[in-house]
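Residue numbers (the working numbering): 1 to 228.
We put the beta carbon where it would ideally sit given N, CA and C, even for glycine.
All of these numbers come straight from a predicted model, not from anything done at the bench.
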Ligand SMILES: [Zn+2]
């Protein structure tokens, strides 16, 4: 990792500095890279983490002392967490509907594992792509062990916005913010649906963390912690 950093700094001298800290890979920079359509600081130039992943990482660190031999299901696995999971003694199931993107092919609306199988589930920015999201949430709840924890996150809108007549990618982008999103959730609607399928939930907001740390690490997103 050090070599990657050194190479990067040689190629991008502006990044040398200490204003930003990536808590996932541990490196300091003048600023994060821009990401997405609007130029904004967001992405760690070394590990590729975004605001929501740096937020999630704090939760992952809190569970890591306890993951030995635990079953962890990780949808649409973020590359920046790969080494953390692979170096742990957890039984790690990185999965995606697209078999080229992960080790296990899993359809979130029809998960091929037994009831009460997973100790932890990580599902970040997935459910906004799923038309039958209630069915997917039921599957997440079914396969989670009693006492298990699911980390769930979606892009949030002020109001729930669903309209299944919008199918053209450009129209979806206009309506829901991305070409392959099928809805925009409000936090209330997202939590309500999770509770409807049986999760008890707590909400992790970045405002819960100290300002100085939040700004240095540039955390974002709201993570819903679902328990069974
Ligand atoms: Zn990083």
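Endpoints, the alpha helix (DSSP H) within which residue i is located
{"i": "residue 109", "result": "From DSSP, residue 109 is part of no alpha helix (DSSP H); its letter is neither H nor E."}
{"i": "residue 59", "result": "51-63"}
{"i": "residue 85", "result": "82-87"}
{"i": "residue 100", "result": "No alpha helix (DSSP H) holds residue 100; DSSP gives it neither H nor E."}
{"i": "residue 174", "result": "169-176"}
N-terminal and C-terminal residue of the beta strand (DSSP E) that residue i is part of
{"i": "residue 146", "result": "144-153"}
{"i": "residue 93", "result": "91-96"}
{"i": "residue 42", "result": "41-43"}
{"i": "residue 123", "result": "118-124"}
{"i": "residue 73", "result": "71-75"}
Environment of residue i [buried if 16+ CB atoms lie within 10 Å]
{"i": "residue 105", "result": "exposed"}
{"i": "residue 210", "result": "exposed"}
{"i": "residue 195", "result": "exposed"}
{"i": "residue 228", "result": "buried"}
{"i": "residue 51", "result": "buried"}
{"i": "residue 224", "result": "buried"}
{"i": "residue 203", "result": "exposed"}
{"i": "residue 71", "result": "buried"}
{"i": "residue 49", "result": "buried"}
{"i": "residue 77", "result": "buried"}
Residues sharing a beta bridge with residue i, DSSP
{"i": "residue 217", "result": "DSSP output for residue 217 lists no bridge partner at all."}
{"i": "residue 205", "result": "222"}
{"i": "residue 156", "result": "185"}
{"i": "residue 21", "result": "28"}
{"i": "residue 162", "result": "183"}
{"i": "residue 33", "result": "43"}
{"i": "residue 200", "result": "227"}
Length of the line joining the Cα atoms of residue i and residue j
{"i": "residue 192", "j": "residue 62", "result": "26 Å"}
{"i": "residue 165", "j": "residue 132", "result": "14 Å"}
{"i": "residue 147", "j": "residue 22", "result": "31 Å"}
{"i": "residue 189", "j": "residue 58", "result": "25 Å"}
{"i": "residue 73", "j": "residue 183", "result": "24 Å"}
{"i": "residue 118", "j": "residue 67", "result": "11 Å"}
{"i": "residue 173", "j": "residue 112", "result": "31 Å"}
{"i": "residue 213", "j": "residue 20", "result": "10 Å"}
{"i": "residue 134", "j": "residue 176", "result": "18 Å"}
{"i": "residue 79", "j": "residue 163", "result": "32 Å"}
{"i": "residue 42", "j": "residue 139", "result": "32 Å"}
Nearest-residue set for ligand 1, Cβ under 5 Å from any heavy atom: Around ligand 1, the residues whose beta-carbon falls short of 5 Å from at least one of its heavy atoms are 22, 24, 25, 44, 46, 47 and 49, given in chain order.
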